[in-house]
Amino acid sequence: MQDLGRAALVLAFGLVVYAAVGGGLGAYTRRRRLVASARNALFTSFGATAVASIVLLNAFRTRDFSFAYVAEHSSKALPFPYVYTAFWGGQEGSLLLWLLVLTAVGSAAIAFNRRLTTEVLPWTVPVLGAVASFFALLLVFVASPFATQVAPADGAGLNPSLQNPYMMIHPPLLYLGYVGLTIPFAFAAGALLSGRFDERWIVATRRWTILAWTALGIGILLGAKWAYEEVGWGGYYAWDPVENAALMPWLAATAYLHSVMVQEKKNMLRVWNATLVTGAFCLSIFGTFLTRSGLINSIHSFAQSPIGAWFLGFIALAATFSTVLIIWRLPLLRARTKLESLASREAAFLYNNLLLVAFTLTVLWGVAFPLLSDAVRGEAVTVGPPYYDFFLKVFGLPLLLLMGIGPLVAWRRTSLRALGETVLGPALAALGVGVILIALGAGSSTAGLLAYTFSAFALAAIVLEFARGTRARKALGASSWWSAFSGLVARNRRRYGGYVVHAAVVLLAIGVAGSSAYGATKIQRFRPGDSMKIRGYTLTYLNSVERHSANHDELRARIAVTENGKSVGTIMAGKNRYFAEDQTSNEVAIKHDWLRAQDLFVIGDEFKIRKHAVTAVYLKVLVKPLVNLIWLAGFVFLLGSVITLWPDAREQRRLAARTEPGPVAVTP
Amino acid sequence: MRLVIALSVAAALAVFLLYTSFAGGATPSLKPSQLAGHRGKLSVSGYVLGPVRGDPHAAGGLRFKLRDIDGPHQSVRVPVVFHGSEPDLFRAGRHVYVVGTYNGASLAATSITTKCPSKYAPAKS
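Just so you know, the protein sequences line up as chains A and B, in that order. Just so you know, we're using the numbering used here here: the first sequence kicks off at 11 and counts up by one. Just so you know, we're using the numbering used here here: the second sequence kicks off at 15 and counts up by one.
What follows is the structure in C-alpha cells.
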C-alpha cells in the first residue's frame with residue numbers, strides 16, 4: 011500500500027510541475043491547448059493527492075504500523091475519531107493535508123472563475139502549480155508520509171492534548187486559511203504577469219479570500235478554546251510563536267480585505283494591495299513553517315528540522331518573485347486618483363491598514379527577535395507576553411475606535427462638522443457607558459476601561475448604521491420595518507455582513523478586556539473539608555477519586571461550589587495519565603455563568619499522594635469575567651461572514667454586465 | 015501625503031520597537047553554560063538533570079539542575095528552584111525552557127515550559 015501512496019504522490023508532483031512549467035509556457039506563447047492541458051493537470055493533481063490521502067487514512071483505520079507515520083502518531087487503544095485526526099498529528103501528514111487542500115481549493119477557484127477572467131487565468135494556473143510543486147516536492151523527496159518499517163507491536167500513540175474535539179477541526183481550518191490565502195496571491199500574480207491589473211482579479215477572488223480569512227479566524231478561536239479547556243493553564247492565548255503564526259496572516263488578510271474596497275471603488279492603493287496580498291501569502295507559508303519546523307519554545311531546535319531550510323528558501327523565493335513582479339509592473343499600477351481628504355472613508359481605510367500592518371509587523375518582529383538578536387549580538391533574546399500585550403493596546407485600541415468612526419465617514423471627503431454630527435450619538439453612548447463603568451469600579455484598569463468605552467462607541471455606530479439604512483428603506487416604501495431591514499441586508503450583503511463581523515470584533519474586545527484586566531487568581535493547598543472564597547464563590551474540597559479507562563487513568567478532586575451562599579453543584583478538576591504516550595494532562599473544571607458570561611476555572615495543580623491515597627491537593631482557581639463573549643464572538647463572526655459570502659444573484663448579473671463584453675479596461 | 019503618514023507611522027513604530035526590545039520587556043534567552051556573568055531576569059533552555067526534589071508549592075520549591083542540551087559545555091550545571099505550577103510533561107531528561115531570576119549561583123524560576131522531545135505538542139506552564 012505504501013507503494014500506491016508513493017506513486018500517487020509522484021504522479022501529483024509531476025502534474026503540478028507540468029501545470030507550473032507547461033502552463034507558464036502556454037501562457038507566454040499564448041497556446042490555448044497547452045494552457046488548457048496545464049489547467050487539467052492541476053485538476054487531476056487533486057485526484058492523485060486524494061488517492062495518497064485515502065491510502066494514509068486507510069492505514070490509520072487498519073492500524074497498519076508498517077507505515078512509520080501511522081506507528082508514530084497512533085496506537086491500538088486510540089479511540090475512533092482520533093485515529094483519523096492523527097492524520098495531521100505530525101509533519102508529513104500536515105504537508106499532505108496542505109497539498110490536498112491547495113489542489114482542491116485551487117482547482118475550485120479556477121473552475122468557478124473560468125469565464126470571469128480569461129486573460130488572467132492562464133497565468134494563475136502556473137502560479138498555483140508552482141506553490142503546489144513545492145509541497146509535492148517535500149512530500150516526495152524530503153518528508154514522505156509513506157516511509158516503511160517493520161511493524162512494531164503497538165504505535166507510540168497520539169499526543170493526549172491533541173485527543174480533543176477541537177483538535178479535530180482546528181488544524182484543518184487553519185490549513186484551509188493558510189492555503190486559501192494562496193488563491194488571491196495566485197490571481198494577483200496572474201494579473202500582474204498578464205498585465206491586466208484591473209479590479210477583476212479582486213472580484214474573482216473576493217469570496218475565496220473571505221472564505222480563507224473566515225476559516226483562519228475561526229481556526230484561531232477554536233485553538234484558543236482548545237488551549238483554554240485542554241491545555242489548562244488558565245488562559246486562551248499566550249502569544250506563543252505557533253499561535254502568532256496564524257494571527258499574522260489573519261491580520262494581513264484583514265488589512266487586505268479593507269484596502270481592496272478602496273481599489274474597487276476608487277482605483278487607488280494598487281501597489282499596496284499587491285504588496286499586502288503577497289505579504290499575507292508569505293506569512294501563511296511562514297506560519298506553516300513555524301508550526302512545523304520546531305521553532306517552538308526553544309530557539310535551539312531551529313536548524314535541526316530538515317524541513318525548515320526548505321521553507322525559508324521557498325519564502326525567500328516567493329518574496330523575491332513577487333517583489334520583482336511588482337517593480338516590473340509598477341508603471342501599470344500607478345494610481346490615477348489621489349486621496350482628496352484626510353477625513354474620508356478612503357483615508358479611514360488607510361489608517362486601518364496602517365494600524366493592522368504595523369501590528370502584524372510588531373508581532374513578526376517579536377517572533378523573529380530571538381533569531382535576529384542571535385545573529386546580531388550572538389545572544390538570543392526573547393520577547394514575552396508583556397511586549398505583545400503592550401502593542402495590542404497601542405494598535406488595538408485605536409483600531410477599535412476607528413472601527414466605530416470609519417463606517418460613518420463619507421467617501422471622498424467629509425467636513426469635520428458633518429462628521430461631528432454623525433459621531434455625536436455613538437460618542438454620547440460611549441461616554442455614558444464610561445461614566446457608569448467608572449461608578450462600578452472598572453477604573454482599576456485604564457486599558458480595560460478604554461476598551462469597554464471604545465467598544466460601546468463602535469457598537470453604537472454599527473447600530474446607528476443599521477438604523478439609518480432601515481429607516482431609509484422604510485421611507486422608500488418598504489411594507490414593514492422587518493422587510494426594510496432584511497432588504498437592507500440582502501441588497502448590501504458585504505457591507506452589512508461586514509458590520510456584523512465588526513460587532514463580533516467588539517464582542518471579542520470586551521471578552522479579552524474583561525477576562526484579562528478584571529480577572530482574579532488564587533492558589534491554595536486543600537485538605538478534605540478546606541474551603542476558599544473568591545469573588546463571591548466558595549469552593550470546598552470534598553475528596554479525590556480515581557477512574558480507569560481504556561487508554562488512561564483519571565485522578566479528580568471533587569469540589570463543592572456555592573455562589574453567594576447558594577449551591578451551584580460539584581465540579582471535578584484533576585489529571586489524566588495516558589499509558590501508551592506516558593504523559594499526563596491537566597483536566598480542568600469550568601463552571602460557566604451564562605448570564606454574566608463569566609467562568610469559574612479550577613486547575614487540579616498537584617495531588618499529594620502518600621501510600622496510594624491523596625492526602626492533599628493544590629488547586630489553582632481563576633475567575634474570568636466575560637470570557638464567554640470571546641466564544642460568542644466566534645459565532646457572530648461566522649454569521650457575518652456567511653452573510654457576506656452568501657451568493658448574490660443581483661451582484662452576479664452586475665458583474666457579468668461589466669465583464670462579459672470582452673476586455674473593458676484596456677491597460678495603457 | 016500618503017507617504018508622509020506612512021513614514022511617520024513607520025518612524026514612530028521603529029522607535030517603539032527599539033525602546034521596548036532593548037530597554038525592557040525583553041529577556042535574554044541563554045544556555046546554562048552561558049549564564050556566567052549574567053544577573054537578573056532571563057530565560058534558559060536546557061536539559062533537566064535529576065534528581066528532581068521538593069514541592070513547587072512549598073517554601074523550598076521544586077529543585078533540579080539544568081545542563082546544555084548539546085554542544086561542548088554539557089558539564090556546566092545550573093541549580094534551579096521553581097515555585098508555581100509544574101507542567102504536565104516535566105521530568106528529568108526533558109528539554110525545558112525556564113524563565114526566572116538568576117543571582118549568580120542559582121536560578122529562581124517562575125515558569126517552566128516543557129518541550130516535547132519527539133513531536134509537536136505545545137505545552138504551556
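Each residue gets a CB set at the ideal place from its N, CA and C atoms; glycine is no exception.
Exercise for review: Taking Thr686(A) and Ala196(A) to be in contact with their CB atoms under 8 Å, please state how far apart those CB atoms are, rounded to whole angstroms.
Suggested key: Any property of residue 686(A) remains undetermined from this structure, which presents chain A solely from 11 to 678.
Point to revise | Interface flag, Pro93(B) vs chain A, CB-CB below 7 Å | key: no
Exercise for review: Output, in chain order, the set of chain B residues within a Cβ distance shorter than 7 Å of Val624(A).
Suggested key: Per Cβ cutoff of 7 Å: no residues; Val624(A) is ~15 Å from chain B at best.
Exercise for review: Quick one: which unbroken beta strand (DSSP E) runs of 3-plus residues sit fully inside the segment 589-674 of chain A? Chain order, please.
Suggested key: 593-597, 599-603, 608-620 and 623-634
**Study point:** Residues within the segment 602-622 of chain A neighbouring chain B, beta-carbon criterion of under 9 Å
**Key:** Ile613, Asp615, Glu616 and Lys618
Check your understanding: Is there at least one Cβ from chain B nearer than 7 Å to Val674(A)'s Cβ?
Key -> Low confidence applies here, because Val674(A) scores a pLDDT of 41, under 50, leaving its location unreliable; read the following figure in that light. Chain B contact via Cβ: absent.
Check your understanding: Between Thr128(B) and the rest of its own chain, which residues show a CB-CB distance below 7 Å, the 5 nearest in sequence each way excluded?
Key -> Pro101, Leu103, Phe104, Arg108, Val110 and Ala137
Practice item. In angstroms with no decimal places, state the Cα-to-Cα distance between Gly190(A) and Val115(A). Key: 7 Å
Check your understanding: How big is the Cα-Cα spacing for Phe324(A) and Val152(A)?
Key -> Using only the alpha carbons, I get a separation of about 14 Å.
Check your understanding: Looking at chain A, which residues of the segment 42-63 of chain B have a Cβ within less than 8 Å of any of its Cβ atoms?
Key -> Listed in sequence order: Pro42, Ser43, Leu44, Lys45, Gln48, Ser57 and Ser59.
Exercise for review: Would you please state the rounded distance, in angstroms, between the beta carbons of Ile317(A) and Thr285(A)? I believe it to be under 8 Å.
Suggested key: Their Cβ separation, rounded to whole angstroms, is 27 Å, which puts Ile317(A) and Thr285(A) out of contact at 8 Å.
Check your understanding: Name the chain B residues whose beta carbon is nearer than 7 Å to that of Lys403(A)?
Key -> Result: empty, since nearest Cβ-Cβ is about 12 Å, beyond 7 Å.
Check your understanding: Do the segment 501-515 of chain A and the segment 533-550 of chain A meet, that is, are 3 or more Cβ pairs less than 8 Å apart?
Key -> Contact fails between the segment 501-515 of chain A and the segment 533-550 of chain A, because fewer than three Cβ pairs, one in each stretch, are under 8 Å apart.
Exercise for review: Please name the residue in Trp218(A), Thr219(A), Trp249(A) and Ile220(A) whose C-alpha comes closest to that of Gly233(A).
Suggested key: Trp249(A)
Point to revise | Short Cβ contact (7 Å threshold) for Val633(A) with Ala530(A) | key: yes
Check your understanding: CB-CB under 6 Å to Val377(A), same chain, minus the five flanking residues each way: which ones, in chain order?
Key -> Pro251 and Asn254
Review point. Are Tyr185(A) and Trp282(A) closer than 7 Å when you measure CB to CB?
Key: no
Review point. What's the gap between the Cα of Ile581(A) and the Cα of Ala599(A)?
Key: The alpha-carbon atoms of Ile581(A) and Ala599(A) are separated by roughly 6 Å.
Check your understanding: Anyone know if the C-beta pair for Ser63(A) and Leu25(A) falls short of 7 Å?
Key -> no
Point to revise | Own chain partners of Tyr462(A) with C-beta closer than 7 Å, once the 5 adjacent residues on each side are dropped | key: Val443, Leu447, Ala452, Ile520 and Ala523
Point to revise | Contacts that Arg535(A) makes with chain B (C-beta to C-beta distance below 8 Å) | key: His71
Practice item. Grab me the residues of Ala135(B)'s own chain with a C-beta within less than 6 Å of its C-beta, minus the 5 sequence neighbours each way, in chain order. Key: In this prediction, Ala135(B) scores a pLDDT of 38, lower than 50, which makes its location untrustworthy; the coordinate-derived value is nonetheless stated afterwards. Contacts found: none.
Exercise for review: For the segment 97-120 of chain B, enumerate the residues whose C-beta is nearer than 7 Å to any C-beta of chain A, in chain order.
Suggested key: Ser99, Glu100, Asp102, Leu103, His109 and Tyr111
Review point. Which of the residues in the segment 231-254 of chain A, read from start to end, lie with their CB under 7 Å from any CB of chain B?
Key: Val241, Trp243, Ala248, Asp250 and Val252
Review point. How long is the line joining the alpha carbons of Lys133(B) and Gly100(A), rounded to whole angstroms?
Key: Below a pLDDT of 50, predicted positions are generally treated as unreliable, and Lys133(B), at 40, falls in that range; no measurement from the model is reported.
Exercise for review: Leaving aside the five residues before and after Glu82(A) along the sequence, list all residues of the same chain whose C-beta is less than 8 Å from its C-beta, in chain order.
Suggested key: Cβ within range, chain order: Gly100, Gly165 and Ala166.
Point to revise | The beta strand (DSSP E) enclosing Val94(B), as first and last residue numbers | key: Val92 to Phe96
Review point. Name the chain A residues that come within less than 7 Å of Val23(B), Cβ to Cβ?
Key: Leu364 and Ala368
**Study point:** Local conformation of Tyr246(A) per DSSP, three classes
**Key:** coil
Check your understanding: Helix, strand or coil for Met582(A) per DSSP?
Key -> strand
Practice item. Have a look at Leu412(A), Met11(A) and Gly575(A) and flag the residue whose alpha-carbon is nearest the alpha-carbon of His268(A). Key: Looking at the Cα atoms, Leu412(A) is the closest of the given residues.
Review point. So which residues of chain B does Lys630(A) contact, with C-beta pairs closer than 9 Å?
Key: Ser99
Review point. Since Leu549(A) sits in a beta bridge, which residues does DSSP pair it with?
Key: Met542(A) and Val571(A)
Practice item. Output the distance between the C-alpha atoms of Leu149(A) and Gly15(A), rounded to the nearest integer angstrom. Key: Rounded to whole angstroms, Leu149(A) to Gly15(A) spans 11 Å at the Cα level.
Review point. Expressed to the nearest angstrom, what Euclidean distance is found between the alpha-carbon atoms of Pro182(A) and Leu352(A)?
Key: 42 Å
Review point. Residues bridged to Arg587(A) by DSSP?
Key: Asp563(A) and Thr594(A)
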